[in-house]
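K.L.:
Using the numbering used here, the letters of the sequence shown correspond one by one to residues 26 to 109. Here it is: the structure, laid out below.
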Amino acid sequence: MIGYKVLTKQGLKGPYKKSSILKAITSAQIPLQARLLDLETGRYLSAADLVGESVDLEAQASFEGDKTDDSNELRLDEETGGSD
């Protein structure tokens with residue numbers, strides 16, 4: 026397994042093994058709303074998707090509303106990630 030990178034305000038961090046990500050989610054070090062880059066597929070998913078949980082839509086909306094800078098950062102990360 027190739028692993029995942031975690032999208033933070035400072036950019037992508039990692040790579041981490043799936044087991045490390047799952048441990049961090051269960052110990053509340055990574056929120057369920059966190060965005061993860063699957064290095065095998067090049068696609069972004071939420072931490073909730075990885076563990077098979079659902080996220081409260083109101084919490085998701087307020088979380089996304091707070092990420093004004095991350096949306097631009099996300100596009101940059103996708104562009105640079107796609108050219109590797």
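Backbone N, C-alpha and C fix where the C-beta goes; we use that ideal spot for every residue, glycine too.
(1) Measuring only the C-alpha atoms, how far is Gly39 from Ile50?
(2) According to DSSP, is Leu32 helix, strand or coil?
(3) Can you check whether the CB of Ile46 is closer than 9 Å to the CB of Ala72?
(4) What residue does the alpha helix (DSSP H) around Leu64 start on, and which one ends it?
(5) Please identify the residue among Tyr41, Gly77, Ile55 and Glu78 whose C-alpha is closest to the C-alpha of Glu65.
(6) Count the other CB atoms, across all protein chains shown, that sit within 10 Å of the CB of Val31; report buried if there are 16 or more and exposed otherwise.
P.N.:
With the structure as the only source:
(1) For the purposes of this step, residue 39 is taken as the residue at position 14 of the sequence shown. For the purposes of this step, residue 50 is taken as the residue at position 25 of the sequence shown. Cα to Cα, Gly39 sits roughly 15 Å from Ile50.
(2) The count along the sequence shown starts at 1 and reaches residue 32 at position 7. Assignment of Leu32 by DSSP, reduced to helix, strand and coil, places it in the strand class.
(3) Locating residue 72 in the sequence shown gives position 47, counting from the first residue. Locating residue 46 in the sequence shown gives position 21, counting from the first residue. Yes.
(4) On the sequence shown, residue 64 is found 39 positions in, with the first residue counted as 1. Secondary structure note for Leu64: it is in no alpha helix (DSSP H), with a DSSP letter that is neither H nor E.
(5) The residue labelled residue 65 in the question sits at position 40 within the sequence shown. Restricting attention to Tyr41, Gly77, Ile55 and Glu78, the CA atom closest to the CA of Glu65 is found in Tyr41.
(6) Start at 1 with the first residue of the sequence shown, and residue 31 comes out as number 6. Buried is the call here.
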